[in-house]
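Each remark here refers to the structure printed beneath this line.
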DNA sequence: GCCGTTTTCGGCCCGACTGTTTTCAGTCG
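Residue numbers (the numbering used here): 10 to 605.
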């Protein structure tokens with residue numbers, strides 16, 4: 010049985026829950042949660058670390074004891090302490106913890122004092138009035154519990170970043186008109202460019218807080234006011250999205266922004282650093298005793314603990330603090346660094362705009378190049394191209410390039426990687442192209458070994474440039490298929506091929522962790538939109554956000570290269586030497602020679 | 001249970017708000 014880091018992380022999180030019910034030392038509980046977080050953020054499977062004789066206790070938050078529990082889990086599939094807690098705690102316990110307003114104390118009271126062992130029993134007990142016997146269960150809590158039990162679980166409650174931007178834009182515009190408002194900034198996971206957001210956190214400054222809070226809770230898209238105090242309020246929008254507003258004075262702006270941007274793990278680490286210097290850091294500032302010594306800007310907060318400014322996308326406590334202390338923070342990719350798009354579709358297959366419309370729209374966005382990469386015939390639902398129709402499109406692109414439109418159009422294909430690892434079009438056909446983007450669109454449920462083998466075989470073909478949306482996940486809809494990513498990335502490196510970060514906001518596949526893996530292996534990442542209509546060419550910004558979360562710099566990204574250099578790199582993946590390029594695309598190079 | 005610019009023992013981030021309480025538990029970030 011293959012054990013993945015997420016499996017161990019889940020086990021540790023469950024252990025933490027069960028220990029909490031057991032009223033264990035809170036710091037011991039936190040140690041399990043910290044270790045789980047470390048495991049989720051690792052770019053290497055611990056099973057491989059063990060195999061290569063690495064000392065697990067060198068990982069942050071993992072000491073002798075947890076290292077030995079990890080080894081137990083790898084060897085036996087069990088952790089003795091977890092099994093023991095399962096024996097002494099009813100199975101319903103962890104289900105109860107997931108209900109609103111139920112923490113360890115109330116959950117424990119339910120199964121110990123009322124003998125509740127299923128959610129159905131809890132439902133009945135509330136209706137029968139049996140909860141009245143217990144203290145700590147007032148009318149509001151019973152109402153919320155009933156509501157939670159009677160509405161079916163919605164599954165993923167996180168909102169894709171792209172959806173959130175729509176509501177956030179309108180709400181921020183509303184807040185900027187609030188009486189006495191000075192500044193409004195969206196913080197939280199939104200500011201950190203997480204692929205999905207649980208809720209929206211907004212920091213505002215104003216001399217008088219109350220009118221701003223009132224302006225906020227009276228926004229006309231508010232469905233429900235969940236909380237409203239003198240400095241903070243929480244609302245639920247009609248869309249279901251929850252929004253927190255925190256109003257502070259201008260002198261606390263940087264501290265509040267830092268605090269509300271998170272992540273929680275990053276903040277805890279920063280505060281612990283402050284503590285060692287005799288400082289207290291909260292959302293109002295950095296304090297030595299009663300004296301505020303910083304807090305107007307985030308830079309000040311970092312400076313108070315001896316660090317340079319850290320970009321929000323890096324704030325996950327995954328090594329950014331150590332990098333900052335060593336002066337080795339990455340110089341993150343900027344949107345303007347991208348010179349073009351290497352994965353797009355047109356109405357020749359399942360796109361909505363013509364070739365010319367896509368090309369002109371890309372030029373309008375300032376791109377120096379765009380690659381047209383239609384589906385191949387195996388993807389029948391997209392009306393994928395057969396050799397005849399591909400040849401026709403190649404000729405069409407050649408003619409378009411002869412018009413000197415001020416943008417280079419690259420001839421590509423998003424060729425299907427078939428189940429046996431063959432490509433959907435013959436080598437002779439693919440050989441006419443500037444680049445071959447390979448992707449999986451079927452048989453997602455193969456075993457890890459078979460799925461990996463399938464991709465590795467495809468990489469052995471004479472023409473293969475970029476592996477597109479490498480795990481096929483669709484946020485909230487489809488789980489990633491199971492592949493051995495380190496092995497795939499090593500194979501891409503060996504072949505001199507590239508990996509895609511699909512910027513479509515429902516894909517964003519590579520993940521941040523895999524971006525770092527590619528970067529460290531020296532495999533260039535292609536950030537591409539997979540646009541099926543001209544508007545979607547704007548999705549590149551989501552890809553940039555994800556790339557920044559993955560520590561990518563300009564030098565790590567394929568399509569930051571000017572056209573001539575890009576052509577050279579692509580030609581190698583097509584089995585050609587640099588001079589012998591297919592077609593006669595006109596080259597437009599605006600940025601050649603810019604130094605890094 | 002982890003960890004070490006005071007420490008191998010004794011610390012471990014911090015505060016707002018709600019509900020059910022009269023000092024606290026739970027949740028959130």
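Even glycine gets a Cβ: it sits at the ideal position worked out from N, Cα and C.
Item                                                                                                                                   : Value
Inter-residue Cα distance where the pair is residue 269 and residue 422                                                                : 44 Å
CA nearest to the CA of residue 364, picked from 374, 353, 167                                                                         : 353
Bounding residues of the beta strand (DSSP E) (the contiguous stretch that carries residue 378)                                        : 378-384
Proximal residues to residue 45 (C-beta, below 6 Å), its chain only, five neighbours per side dropped                                  : 18, 21, 22
Same chain, Cβ closer than 6 Å to residue 210, neighbours up to 5 away in sequence not counted                                         : 196, 197, 253, 269
Through-space distance from residue 256 to residue 240, alpha-carbon basis                                                             : 5 Å
Whole runs of the alpha helix (DSSP H) within the stretch 41-85, excluding any shorter than 4 residues                                 : 55-60, 73-85
Buried versus exposed, by CB contacts within 10 Å (16 or more), residue 506                                                            : buried
Local Cβ density within 10 Å of residue 281, reported as buried at 16 or more and exposed below that                                   : exposed
DSSP-derived helix/strand/coil call for residue 12                                                                                     : coil
Start-end ranges of the alpha helix (DSSP H) lying completely within the stretch 321-352, minimum 4 residues                           : 329-334
Local conformation of residue 449 per DSSP, three classes                                                                              : coil
Test item: CB-CB of residue 128 and residue 143 under 9 Å                                                                              : no
For residue 438, the first and last residue of its enclosing beta strand (DSSP E)                                                      : Element bounds for residue 438: not the beta strand (DSSP E) but the alpha helix (DSSP H), 436-439.
Three CB pairs or more closer than 8 Å across the stretch 21-35 and the stretch 61-71                                                  : no
Sub-9 Å separation of residue 584 and residue 440 beta-carbons                                                                         : yes
DSSP state of residue 97 mapped onto helix, strand, coil                                                                               : helix
The stretch 323-337 touching the stretch 356-371, judged by at least three CB pairs closer than 8 Å                                    : no
For residue 533 and residue 565, believed in contact at Cβ under 8 Å, the rounded distance                                             : 7 Å
The stretch 459-479 in contact with the stretch 488-496 per 3-pair CB rule at 8 Å                                                      : yes
Classification of residue 114 by the beta-carbon crowding that lies within 10 angstroms, buried from 16 upward                         : exposed
Distance between residue 500 and residue 591 (C-alpha atoms, nearest Å)                                                                : Residue placement at residue 591 is flagged as unreliable, the pLDDT there being 43, under the threshold of 50; a coordinate-derived value is accordingly withheld.
Residue closest to residue 379, alpha-carbon to alpha-carbon, out of 290, 265, 576                                                     : 576
Reference residue 104, options 582, 125, 466, 409, closest by Cα                                                                       : 125
Local conformation of residue 20 per DSSP, three classes                                                                               : helix
Contacts around residue 613, its chain only, beta-carbon distance under 7 Å, and the 5 residues preceding and following it disregarded : Because the chain here runs from 10 to 605, residue 613 falls outside it and cannot be looked at.
Alpha helix (DSSP H) segment containing residue 225, residue limits                                                                    : 218-226
Alpha-carbon to alpha-carbon, residue 390 and residue 434                                                                              : 17 Å
Alpha-carbon to alpha-carbon, residue 297 and residue 287                                                                              : 7 Å
Simplified DSSP state of residue 520, which is helix, strand or coil                                                                   : coil
Selection from 410, 464, 461, 471 that minimises the alpha carbon distance to residue 437                                              : 471
Span separating the alpha-carbon of residue 337 from that of residue 315                                                               : 14 Å
Rounded C-alpha distance that separates residue 96 from residue 145                                                                    : 27 Å
Contact set for residue 225: own chain, Cβ-Cβ below 6 Å, skip 5 residues either direction                                              : 242, 254
Counted within 10 angstroms of its Cβ, other Cβ atoms place residue 544 as buried (16 or more) or exposed                              : exposed
N-terminal and C-terminal residue of the alpha helix (DSSP H) that residue 297 is part of                                              : Per DSSP, residue 297 belongs to no alpha helix (DSSP H); it is in the beta strand (DSSP E), 294-297.
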